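As they're listed, the protein sequences go chains A and B. Going by the working numbering, the first sequence opens with residue 1382, and the numbers climb by one from there. Going by the working numbering, the second sequence opens with residue 671, and the numbers climb by one from there. Each residue gets a CB set at the ideal place from its N, CA and C atoms; glycine is no exception. Just so it is clear, the structure is predicted and the values come from calculations on it, not from any experiment.
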Amino acid sequence: MRAIGIVLAGGNSKRMRELSNKRAIAAMPIAGSYRSVDFALSNMSNSHIQSVAVLTQYNSRSLNEHLSSSKWWDFGRKQGGMYVFTPTITAESSDWYRGTADALYQNLDFLKKSHEPYVVLASGDGIYKLDYNKVLEYHVEKKADITVVCKDMGPEEDVTRFGLVKTNDDGRITDFDEKPMVATSNTISCGIYVIRRRQLIELIERCAAEDRYDFVTDILVRYKNLKRIYAYKMDTYWSNIASVDSYYKTNMDFLKPDVRHYFFKEYPEIYSKVDDLPPAKYNPGADVKNSLVSSGCILNGTVENSVLFKKVYVGNNCVIKNSIILNDVYIGDNTVIENCIVESRDTIRANTTHIGTPDNLKIVIEKNERFTL
Amino acid sequence: MIKKEMIAMLLAGGQGSRLGVLTQKVAKPAVSFGGKYRIIDFPLSNCINSGVDTVGVLTQYQPLRLNAHIGIGIPWDLDRNVGGVTVLPPYERSKGSDWYTGTANAIYQNLEYMENYNPEYVLILSGDHIYKMDYEVMLEYHKANNADVTIAAMQVPIEEASRFGIVITDDNNRITEFEEKPAVPRSNLASMGIYIFSWPVLRDALIKLSEEPGCDFGKHIIPYCHAAGKRIFAYEYNGYWKDVGTLGSYWEANMELIDIIPEFNLYEEYWKIYTKSDIIPPQFISENSKIERSIIGEGTEIYGEVSNSVIGAGVTIGEGAVVKDSIIMKGSVIGAGAYVDKAIVAEDVTIGDHAQIGIGEYAPSKYDPKVYQFDLVTIGERSVIPGGVKVGKNTAISGETTPEDYHGGILESGDYIIKAGGVQ
């Protein structure tokens, strides 16, 4: 591949409510066995990108743990590799990343020392499969300065939390509105960009000289009339998980046969860190319908329309419906959970009830003492 | 100079002919177990959990699956700068070349491998047992006794003792006598085929007996050491240990995993069993499915009914299908409306829609009554069973079968279909 990859995984969002208290969005668990950042990393690996930097800042412990080895995505190579860059104090700077462009500026050495002509920039909170080579081909064909991967959303969708673009007939972006109050278009930016490496270095350096820090507002929006910025339309599954509702919906999408087949069975696959857990175990009393169940789970109760992540224990007579139970949760006997997202490593005592509604999902955080053998 | 206190030699070259069509294309240690593992994962995980980081794996029979599984040992953390896992197949020399003719002969042919590491002790393991054991504790015991050889042994029911090599010990657990499969056993302490040798003793015995045809640990090396007056001790092991050498014991050991609190517990935090997992996604359980008392592997999709079964990774069980008391290995597809009862279905098997497997009454096997005597339908890997056919109990099937192979649409109990390329 003629590009290096950069994953922007620094972010946090108030829209994630309590879920992002303890982790960066890129480390959010997805579809039972994955984390959000696996999708961007796997796409890069599957696009034969060999050298990848992950830029992280906000509460990165759980992300760092997940990225502790690069072998899962096949990056542990002599040629290339995976690098995790957190802000550091240097002779020139003791600042945190003040924005996406600043994060790139503070790691400009990585860009300068690479020799590949192009850069693929992707955020760590998108759930999709994409061959970045196709975007790069389009980028070259259009003689673009920057190519932005975009997607047409349905009319019912609230798009005001995204960057909205308008294009001319050739696909060149004529207007770019970042998170507007009122939707002006239904084509959104997916937060995935292809750009020539030298071009990026130049833009980032100029940005820094002007004390500007954000890639979207200070580069894409500001340069939209000056640079040839093109939209590459993606028509396969794409979802952003940076709000509680979209996080819930994205996980529930995997209960649909077409989505599941697309991600789980079709080539190329999504890779993730392997946890060496035993197969899921169904004891007498287990009654599971329309659900995803991950390895290490032990089930003794009823589970319906739910996604169970790894190592979840469901006690006797429990009823779990329309919920997402994150990794390593213990649920005591006779507990009822409906329309909830249960935070990882929770211990829920017997006879507990947690009920949310589809419009107001309840986030359950219960850290009780757990006694294990 | 490289120096390892103890290295392990893992015997994984045997066919395991008593597993019938299951080992037609793979060596026994590479046969799937427990919905996700392969049999060899247990001794390999025991090694790394015991701090033994240098393991030679001796392969001979059908090694492809085994080699692919072990690779450079990454899943077990056995990819090391010094030591790690090394696959040791038979090789050619300037003066002739030999297959491994016996367990000890295989080790003898790899003297050079062991010498590279200057070990003080060598641990001999076999690749066909299901257990968790801390070899470090056994080594402590070996040292404390100032032993030359330590043999792991466990109590078995006296009525079963005649199937094993039996050891007779004095009050200090020093072995005074051996009986190989005795008709009237005098003790119920059975050898588990796990040995720790002090390296000079092993080296000497292997060289002295190098001309012995089919040189074997139980038959030749141990009696030789005994006759030479070496200090041989029995290390009594009290945990779960299962030899999965027959279809019956293999099926039983799998079924024991689905007990509410299994005697052999894979869910404990401590002493993890590692394996190469190439299927990552979670399993999907559909609206109309029903699952009872089973364990199910990653990426499996269940649309039918499953009870008392061990289902591997990446399996599909179709709408309306019923699977009970069975083992279904990785990647197999059970068609819609199919019925599977008391069957062992190997990897990547396709069972057509509405096929009925394991019906009727038991009948002795016409193929090999010694192997197929446990009332199980055994289906070899990559077999295809057409839709709608009926298959009786205690049968064996291997290869791509077509409706013409089933006279009147039925394979009677005790009968078999082994297509070209199968075992004869």
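{"query": "Can at least three beta-carbon pairs, one atom from the segment 797-816 of chain B and one from the segment 909-917 of chain B, be found at a separation below 8 angstroms?", "result": "yes"}
{"query": "Anything in the segment 1007-1030 of chain B with a Cβ closer than 9 angstroms to a Cβ of chain A? List those residues in chain order, please.", "result": "none"}
{"query": "Answer with buried or exposed for B:Q825, where buried requires no fewer than 16 other C-beta atoms within 10 angstroms of its C-beta.", "result": "exposed"}
{"query": "Rank B:L689, B:E850, B:G884, B:Y778 by C-alpha distance to the C-alpha of B:L876 and give the top, closest one.", "result": "B:Y778"}
{"query": "At 8 angstroms on the CB atoms, spell out the chain B contacts of A:S1675, in chain order.", "result": "P952, Q953, E968"}
{"query": "State the DSSP-derived secondary structure class of B:T693, mapped to helix, strand or coil.", "result": "helix"}
{"query": "At least one CB of chain A closer than 8 angstroms to the CB of B:G705: is that the case?", "result": "yes"}
{"query": "State the Cα-Cα distance for the pair A:A1612 and A:V1529, rounded to the nearest angstrom.", "result": "5 angstroms"}
{"query": "What first and last residue would you give for the beta strand (DSSP E) that runs through B:A983?", "result": "It is not in any beta strand (DSSP E) - B:A983 carries neither H nor E in the DSSP assignment."}
{"query": "Taking 8 angstroms as the CB-CB cut-off, is B:Y937 touching chain A?", "result": "yes"}
{"query": "In whole angstroms, give me the CA-to-CA distance for A:T1555 and A:K1524.", "result": "16 angstroms"}
{"query": "I want to verify the contact list: residues of chain A whose CB lies under 8 angstroms from the CB of B:K942, in sequence order.", "result": "D1657"}
{"query": "Within this structure, are the beta carbons of B:P952 and A:A1412 separated by less than 8 angstroms?", "result": "yes"}
{"query": "Tell me which residues of the segment 1595-1607 of chain A have at least one Cβ-Cβ distance to chain B shorter than 7 angstroms, keeping chain order.", "result": "none"}
{"query": "How long is the line joining the alpha carbons of A:K1768 and A:Y1604, rounded to whole angstroms?", "result": "Residue 1768 of chain A is absent from the model: chain A starts at 1382 and stops at 1754."}
{"query": "Taking 8 angstroms as the threshold, find out whether the segment 672-682 of chain B comes into contact with the segment 1709-1723 of chain A through three or more Cβ pairs.", "result": "no"}
{"query": "Can you find the residues in the same chain that come closer than 7 angstroms, C-beta to C-beta, to A:K1692, ignoring five residues on each side of it along the sequence?", "result": "L1658, G1677, C1678, N1708, D1709"}
{"query": "Per DSSP, which residues does A:P1410 bridge with? Please list them.", "result": "A:R1416"}
{"query": "I believe A:F1635 touches A:L1673 by the beta-carbon criterion, under 8 angstroms. Please report the beta-carbon distance rounded to the nearest angstrom.", "result": "6 angstroms"}
{"query": "Could you spell out the range, first to last residue, of the alpha helix (DSSP H) harbouring A:R1442?", "result": "1442-1447"}
{"query": "Measure from the C-beta of B:S964 to each C-beta in chain A and report whether the shortest distance is under 8 angstroms.", "result": "yes"}
{"query": "Report, in whole angstroms, the separation of the C-beta atoms of B:T729 and B:V757, which I expect to be a contact under 8 angstroms.", "result": "6 angstroms"}
{"query": "So that I know if they touch, is there some Cβ in chain A lying closer than 8 angstroms to that of B:I838?", "result": "no"}
{"query": "Just how far apart, CA to CA, sit A:R1542 and B:K695?", "result": "56 angstroms"}
{"query": "Could you name the residues of the segment 1392-1410 of chain A whose beta carbon sits closer than 8 angstroms to any beta carbon of chain B, in the order they occur along the chain?", "result": "none"}
{"query": "Quick check on the DSSP output: the alpha helix (DSSP H) that includes B:Y778 runs from which residue to which?", "result": "773-778"}
{"query": "Classify A:N1697 as helix, strand or coil using the three-state DSSP reduction.", "result": "coil"}
{"query": "Between which residues of its own chain and B:S880 is the CB-CB distance below 6 angstroms, once the five residues before and five after are set aside?", "result": "Y778"}
{"query": "Taking the continuous beta strand (DSSP E) assigned at A:A1590, which residues delimit it?", "result": "It is not in any beta strand (DSSP E) - A:A1590 instead sits in the alpha helix (DSSP H) that spans 1578-1590."}
{"query": "To the nearest angstrom, how far is it from the Cα of B:K813 to the Cα of B:G766?", "result": "39 angstroms"}
{"query": "How about B:G690 and B:D1038: are their beta carbons less than 8 angstroms apart?", "result": "yes"}
{"query": "Of all Cβ atoms in chain B, is any one closer than 8 angstroms to the Cβ of A:V1669?", "result": "yes"}
{"query": "Does DSSP classify A:H1735 as helix, strand or coil?", "result": "strand"}
{"query": "Taking all protein chains shown into account, decide if A:L1607 is buried (16 or more other Cβ within 10 angstroms of its Cβ) or exposed.", "result": "exposed"}
{"query": "Listed from N- to C-terminal order along the chain, which residues in the segment 1675-1700 of chain A have their beta-carbon within a distance smaller than 7 angstroms of any beta-carbon of chain B?", "result": "S1675, S1676, I1679"}
{"query": "Could you spell out the range, first to last residue, of the beta strand (DSSP E) harbouring A:A1661?", "result": "1661-1663"}
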